[in-house]
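Below is one structure; the comments refer to it alone.
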Amino acid sequence: MENTINGIHHITAIAGGAKKNYDFYTRVLGLRLVKKTVNFDDPQTYHLYYGDKVGTPGTILTFFPWQGITAGRRGARQATEIGYSAPEGSLDFWLKRFEDNNVLYNKPAEKFGEQYLTFLDPDGLKLELIVPKTADNRLPWETTEVKAENATRGFHNITITTNKMDATARILTDVFGYKLLEQHVNRFRFVTDAVENAAIVDLVEVAGEVAGHVAGGSVHHVAFRVKNEEILMNYRQKIADLGLNITGKIDRNYFYSLYFREPGGVLFELATDNPGFSVDEPVEELGNSLKLPAQYENIREDLERSLPSLI
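Numbers given in the numbering used here equal positions in the sequence shown, counted from 1, plus 877.
Pasting the structure below:
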């Protein structure tokens, strides 16, 4: 895990109501709210982070919840499916749980020799629970309703839909160090051996697919993981040398980031492991308090009044 891309760091999506989002991901799916903060560019909107106990990279799903936002549309030039790793034998538990909580889902199916269960969150974001070929030994976050034997372990994969995959595949292989593992019809599975988990990107090539629209229930961007800022900036140079526009280093309080749009149209981020989510509150208290970027501390009282309650 040195000078490499270490799989997925986090995935950020767009939601509607904040409380509905919070209830679904913490209660129904059983994730931990590891950080309650605000959008750097729109402080009247939350930025909510869900993950495992400490917010380990590879477990972090984040949301910008904009009340009343129009629904997005899945299509080409988008990240279209988020895959979570689930334990063997757990899908029956999740089927019953989805039934009990009126969650839309499809019957379990199989791809690349792995059983999976597709479902939608309240805003229509498409997710999958996948039982990996090799047992995922990451420690899960447990709740009173979702115990360890059924709890998700973090990300298994992200799926990107594209009209033509070649240029996106070259970013994955030539820059990020992924390798093509296998193909089934028009789905191509790329994997990195730098990490054991959250290591898979699937490219689905559909030549005639209409471009999607990023709004409610859509993935906003996919962040890939690097160890530290030095490695981050090494990758910045590699990407800039390809002629792609890439931002400078941005301090996101819990990691440092770069952003660029890969040739297929999906917004990619590179994010560091440091400093982590316990930089401003103890692990035991993660997600309990509203944490603000320094530039918004002077309007804390206004934000605390205007941001919707999650409880």
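The C-beta atom is built at its ideal place from N, Cα and C for all residues, glycine as well.
*Where does residue 901 sit, in a helix, a strand or coil, going by DSSP?*
Translated into positions along the sequence shown, residue 901 becomes position 24. Residue 901: helix per DSSP, three-state reduction.
*Note down the Cα distance separating residue 1180 from residue 1032, rounded to an integer number of angstroms.*
Within the sequence shown, numbered from 1, the residue matching residue 1180 stands at position 303. Within the sequence shown, numbered from 1, the residue matching residue 1032 stands at position 155. Cα to Cα, the separation comes out at about 32 angstroms.
*For residue 968, which residues of its own chain have a beta-carbon under 8 angstroms away from its beta-carbon, when the five flanking residues on both sides are left out?*
Walking along the sequence shown from the start, residue 968 turns up at place 91. Excluding sequence neighbours, residue 968 sits near 985, 992, 994, 1006 and 1008.
*Could you check where the alpha helix (DSSP H) with residue 1079 kicks off and where it finishes?*
On the sequence shown, position 202 is the one that residue 1079 refers to. Element bounds for residue 1079: not the alpha helix (DSSP H) but the beta strand (DSSP E), 1077-1082.
*Would you kindly work out how many angstroms separate the C-alpha atoms of residue 982 and residue 1175, rounded to a whole number?*
Taking the sequence shown and counting its residues from 1, one reaches residue 982 at position 105. Taking the sequence shown and counting its residues from 1, one reaches residue 1175 at position 298. Cα to Cα, residue 982 sits roughly 44 angstroms from residue 1175.
*asked:* Rounded to the nearest angstrom, what separates residue 936 and residue 1137 at their Cα positions?
replied: What you label residue 936 is simply residue 59 of the sequence shown in a count that begins at 1. What you label residue 1137 is simply residue 260 of the sequence shown in a count that begins at 1. Roughly 22 angstroms between the two C-alpha positions.
*the stretch 1081-1099 / the stretch 942-961 touching (three or more Cβ pairs under 8 angstroms)*: yes
*Cut-off 6 angstroms between Cβ atoms - residues of its own chain near residue 1084, not counting five sequence neighbours on either side*: By 1-based counting over the sequence shown, the position of residue 1084 is 207. If we look at residue 1084 and ignore the five residues flanking it on each side, its Cβ neighbours are 1040.
*Beta-carbon separation of residue 1108 and residue 880 under 7 angstroms?*
As a first step, residue 1108 must be located in the sequence shown, where it is residue number 231. As a first step, residue 880 must be located in the sequence shown, where it is residue number 3. Yes, they are a contact pair.
*Count the CB pairs spanning the stretch 1112-1129 and the stretch 889-905 that are closer than 8 angstroms, and state whether there are at least three.*
no
*Could you check where the beta strand (DSSP E) with residue 1150 kicks off and where it finishes?*
One-based indexing of the sequence shown puts residue 1150 at position 273. Residues 1144-1152.
*Along the beta strand (DSSP E) that carries residue 1060, what are the first and last residues, could you check?*
Residue mapping note: residue 1060 aligns to position 183 of the sequence shown, counting from 1. 1056-1061 is the extent of the beta strand (DSSP E) around residue 1060.
*Along the beta strand (DSSP E) that carries residue 959, what are the first and last residues, could you check?*
The count along the sequence shown starts at 1 and reaches residue 959 at position 82. 955-962 is the extent of the beta strand (DSSP E) around residue 959.
*Using the C-alpha atoms, what's the distance from residue 910 back to residue 1187?*
Numbered from 1 along the sequence shown, position 310 holds the residue referred to as residue 1187. Numbered from 1 along the sequence shown, position 33 holds the residue referred to as residue 910. Approximately 11 angstroms, taken between the alpha carbons.
*Can you check DSSP and say which residues form a bridge with residue 950?*
By 1-based counting over the sequence shown, the position of residue 950 is 73. Answer by DSSP bridge pairing, in chain order: 1090.
*asked:* I'd like to confirm the pairing. Which residues does DSSP put opposite residue 1188 in its beta bridges?
replied: Along the sequence shown, one-based indexing puts residue 1188 at 311. In DSSP, residue 1188 forms no bridge with anything.
*How many Å lie between residue 1151 and residue 996 at the Cα?*
The sequence position of residue 1151 within the sequence shown is 274, counting from 1. The sequence position of residue 996 within the sequence shown is 119, counting from 1. Computed Cα separation, rounded: 32 angstroms.
*Using the Cα positions of residue 1001 and residue 1093, report the straight-line distance between them to the nearest angstrom.*
Within the sequence shown, the letter at position 124 stands for residue 1001. Within the sequence shown, the letter at position 216 stands for residue 1093. In a straight line, the C-alpha of residue 1001 is about 8 angstroms away from that of residue 1093.
*Tell me where the alpha helix (DSSP H) around residue 1134 begins and ends.*
The residue you call residue 1134 lines up with position 257 of the sequence shown. Segment 1132-1138 is the beta strand (DSSP E) holding residue 1134; no alpha helix (DSSP H) there.
_Please classify residue 999 as buried or exposed, where buried requires at least 16 other C-beta atoms within 10 Å of its C-beta._
Here residue 999 corresponds to residue number 122 of the sequence shown, with the count starting at 1. With 16 or more Cβ atoms within 10 Å of its Cβ, residue 999 is classed as buried.
_With 16 other Cβ atoms within 10 Å as the buried cut-off, status of residue 964_ = Mapped onto the sequence shown, residue 964 falls at position 87. Flag for residue 964 reads buried.
_Could you compute how far the alpha carbon of residue 1163 sits from the alpha carbon of residue 940?_
Within the sequence shown, the letter at position 286 stands for residue 1163. Within the sequence shown, the letter at position 63 stands for residue 940. C-alpha separation (whole angstroms): 16 angstroms.
*Between residue 978 and residue 905, which are expected to be in contact by the criterion C-beta below 8 angstroms, what is the C-beta distance as a whole number of angstroms?*
What you label residue 978 is simply residue 101 of the sequence shown in a count that begins at 1. What you label residue 905 is simply residue 28 of the sequence shown in a count that begins at 1. Confirmed, about 5 angstroms.
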